[in-house]
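Participant:
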Amino acid sequence: MKLHRIAMMRRVCLAQMAAISLCIGGIAAADILRTDVETLSSTAFAGRSIGTPGSAQAAEYLAGRLEDVRAVPLAGNTYFLPVAINEVVLSGASGSLSADGQPIAELGRDLTVSQGLVGPVEIEAAVTLVRYTATSTSFPEGFDPEDLNGHLVIAQRADPPSTPLGDRAGALLGTLAASRPAAVLTATPDLRDLLDVETGASVRKYRLATAADQALGGRIDAGVIDDIFGAADTVNDSGAIEIRTLESTVRLEISLDEVQSRALDEVNVAGTVPGSETQETRILLTAHYDHLGNIDGTIFPGADDNASGVAVLLGAIQRLAENPAEVAVDVVLFTGEEHGLLGSTAFVEAPPISLSSYSAVINVDAVGRPFADQAEFADSIFASAVECFRAIGNALEVGAHETGLRILRFDDVPALAPLSASCEAQRTGTGGAPADQIPFLTAGVPAVLLTGGLHADYHQPGDTSDKLDYDRLDRLSRLVEIAVRSLAVAR
Numbered sequence: 010m011k012l013h014r015i016a017m018m019r020r021v022c023l024a025q026m027a028a029i030s031l032c033i034g035g036i037a038a039a040d041i042l043r044t045d046v047e048t049l050s051s052t053a054f055a056g057r058s059i060g061t062p063g064s065a066q067a068a069e070y071l072a073g074r075l076e077d078v079r080a081v082p083l084a085g086n087t088y089f090l091p092v093a094i095n096e097v098v099l100s101g102a103s104g105s106l107s108a109d110g111q112p113i114a115e116l117g118r119d120l121t122v123s124q125g126l127v128g129p130v131e132i133e134a135a136v137t138l139v140r141y142t143a144t145s146t147s148f149p150e151g152f153d154p155e156d157l158n159g160h161l162v163i164a165q166r167a168d169p170p171s172t173p174l175g176d177r178a179g180a181l182l183g184t185l186a187a188s189r190p191a192a193v194l195t196a197t198p199d200l201r202d203l204l205d206v207e208t209g210a211s212v213r214k215y216r217l218a219t220a221a222d223q224a225l226g227g228r229i230d231a232g233v234i235d236d237i238f239g240a241a242d243t244v245n246d247s248g249a250i251e252i253r254t255l256e257s258t259v260r261l262e263i264s265l266d267e268v269q270s271r272a273l274d275e276v277n278v279a280g281t282v283p284g285s286e287t288q289e290t291r292i293l294l295t296a297h298y299d300h301l302g303n304i305d306g307t308i309f310p311g312a313d314d315n316a317s318g319v320a321v322l323l324g325a326i327q328r329l330a331e332n333p334a335e336v337a338v339d340v341v342l343f344t345g346e347e348h349g350l351l352g353s354t355a356f357v358e359a360p361p362i363s364l365s366s367y368s369a370v371i372n373v374d375a376v377g378r379p380f381a382d383q384a385e386f387a388d389s390i391f392a393s394a395v396e397c398f399r400a401i402g403n404a405l406e407v408g409a410h411e412t413g414l415r416i417l418r419f420d421d422v423p424a425l426a427p428l429s430a431s432c433e434a435q436r437t438g439t440g441g442a443p444a445d446q447i448p449f450l451t452a453g454v455p456a457v458l459l460t461g462g463l464h465a466d467y468h469q470p471g472d473t474s475d476k477l478d479y480d481r482l483d484r485l486s487r488l489v490e491i492a493v494r495s496l497a498v499a500r
């Protein structure tokens, strides 16, 4: 992808965006935030999906904005960090799971495969049921997780999935996931009623070009599993995960009419504000700039998700550049979040700055509207893992106090409780809200997510710039700046 850096905010944008021009002299911070959101979510960027001109234009725009707010490139003389992504289009998928030569589940009816499918599949393996609850604390006596190497594993919750996993249960499941199974299918109640799959439809998938082959992952109707292994309500209450392996093997077959692939040259956009005292300790601010793009002729603007988070960080970095914190503050705007945290994963796998230098990561995603658009949450921001990383939590509370915002946890609202997780799961990236902080947690870097929570326009064409609260965004931008300064002093 050929990218030409363009200076923004003081001159007219690209020719196709000639109607958009920005002048920052004398304009209130909230108005600058509004202009950033309106620009990124405009039709000129067509939803910013990876692999499209809109994504390239968004990257160029953001490079210009980082220059304008006086952040310098994080690596070398460019704001762009390459991210090599492969797009694979699979057409005409069909398949089944069978036992003893008899089909027990059909792809698209009571079986889906959403992870690791990049071509035809033929797996013949032992099938093992892993049935657990939120309070599971141990494996059965004599069980070795390595025994699952090459198995087709069925994972099934035997209690309501809304209950957050306990520390031990999350750790045990992480151990199972590392045992190199051939495939993992999650037993899902009433999956047959949820599926509406068009037979032979094309499926578009994205993965990092450097990614190792993944185990297949998907879902299977829980009724199929109950028919084979017995109903889930028979699980014992001893605290042990129930693990059962069938004597006979099963066969998973998936055929495809066509497989097409192409390489996408995407970029993360990254800058830094050097610290006034040290560059050895750093703080990282992150947000993703990609969205869903144009789907069947309808543009998904992505104003809240996540032009809002990008604008907040641009505002915070501008304030920090005017009066630098004691430590270096980096900002990275990720591509590919919507297709599996691709940009953040690529950054963690090949960081231009040693990850060990980061004392904290603050990821900002969809913050321009209150949860469910309810007035009671107008001054609230949800934060993940603040109870697990007290230094970050305390710094955010300082910012909240100064700006009049309120920091909530996901489990403060029942509807968001499934996004909460134990501290062990949060610290290792095996639980919690699936956003760009996860790869950092997996790498052992303290990281939290700030978000407004879901609303009716999440991942919908109605996620437009006119529905955002720009005074709220300005307050959050100041909160982030204050939190960074507090973290810098407390290092």
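Taking the working numbering, the leading residue of the sequence shown gets 10, the next gets one more, and so forth.
Ideal Cβ positions, reconstructed from N, Cα and C, are used throughout, including at glycine.
As the structure is a computational prediction, the values presented were derived from the model and not from experiment.
1. Cutting at 7 angstroms between CB atoms, please list the residues of its own chain near Thr473, excluding the five before and the five after it.
2. Using alpha carbons as the reference points, say which of Ile252, Arg228, Asn86 and Gly349 lies closest to Arg213.
3. Looking at the unbroken alpha helix (DSSP H) that takes in His297, where does it start and where does it end?
4. Measure the C-alpha to C-alpha separation of Pro154 and Glu433 and round it to an integer number of angstroms.
5. Nearest to Val193 by CA position, among Ala68, Leu75, Glu346 and His160, is which residue?
6. Could you tell me if Val268 is buried or exposed, where buried requires 16 or more neighbouring beta carbons within 10 angstroms of its beta carbon?
7. Measure the alpha-carbon distance for Arg19 versus Val489 and round it to whole angstroms.
8. For the alpha helix (DSSP H) that Leu322 lies in, which residues bound it at each end?
9. If distances are taken between C-alpha atoms only, which option among Ala316, Phe391 and Leu405 comes closest to Ala67?
10. Note the first and the last residue of the continuous beta strand (DSSP E) segment covering Tyr141.
11. For Asn303, does the three-state DSSP call read helix, strand or coil?
12. Report back the beta-carbon spacing between Asp265 and Gly101 to the nearest angstrom; my notes put them in contact at under 8 angstroms.
13. In this structure, what does DSSP give as the bridge partners for Lys214?
14. CB-CB under 6 angstroms to Val98, same chain, minus the five flanking residues each way: which ones, in chain order?
15. Hey, quick one: how far does the alpha helix (DSSP H) through Gln223 stretch, first residue to last?
16. Out of Thr137, Phe343, Ala191 and Gly377, which one is the CA nearest neighbour of Phe238?
17. In three-state terms, what does DSSP make of Phe152?
18. Helix, strand or coil for Gln435, going by three-state DSSP, please let me know.
19. With DSSP as the reference, please indicate the residues paired to Ile163 in a beta bridge.
20. Please state whether the Cβ-Cβ distance between Ala231 and Thr197 is less than 9 angstroms.
21. Taking 8 angstroms as the threshold, find out whether the segment 324 to 343 comes into contact with the segment 256 to 264 through three or more Cβ pairs.
22. Once DSSP output is grouped into helix, strand and coil, what is the label at Met17?
23. Using the C-alpha atoms, what's the distance from Val122 back to Asp235?
24. Look at the alpha carbon of Ala39 and the alpha carbon of Asp483, and state the distance between them as a whole number of angstroms.
Facilitator: From the atom records:
1. Ser50, Pro310 and Ala312
2. Gly349
3. No alpha helix (DSSP H) holds His297; the beta strand (DSSP E) holding it covers Thr287 to His297.
4. 19 angstroms
5. His160
6. exposed
7. Unreliable placement is indicated for Arg19, whose pLDDT of 32 sits below 50; no coordinate value is reported for it.
8. Gly318 to Glu331
9. Ala316
10. Val130 to Tyr141
11. strand
12. For the sequence presented, residue 265 should be read as Leu rather than Asp. About 6 angstroms; that satisfies the 8 angstroms criterion.
13. Val97
14. Ser211, Arg213 and Gln269
15. Element bounds for Gln223: n/a, residue is neither H nor E.
16. Thr137
17. coil
18. helix
19. Leu138 and Leu194
20. yes
21. no
22. Because the pLDDT of Met17 is 37, which lies under 50, any placement of that residue in the model is unreliable, and the number read from its coordinates should be weighed accordingly. Met17 falls in the coil class under three-state DSSP.
23. 20 angstroms
24. 5 angstroms
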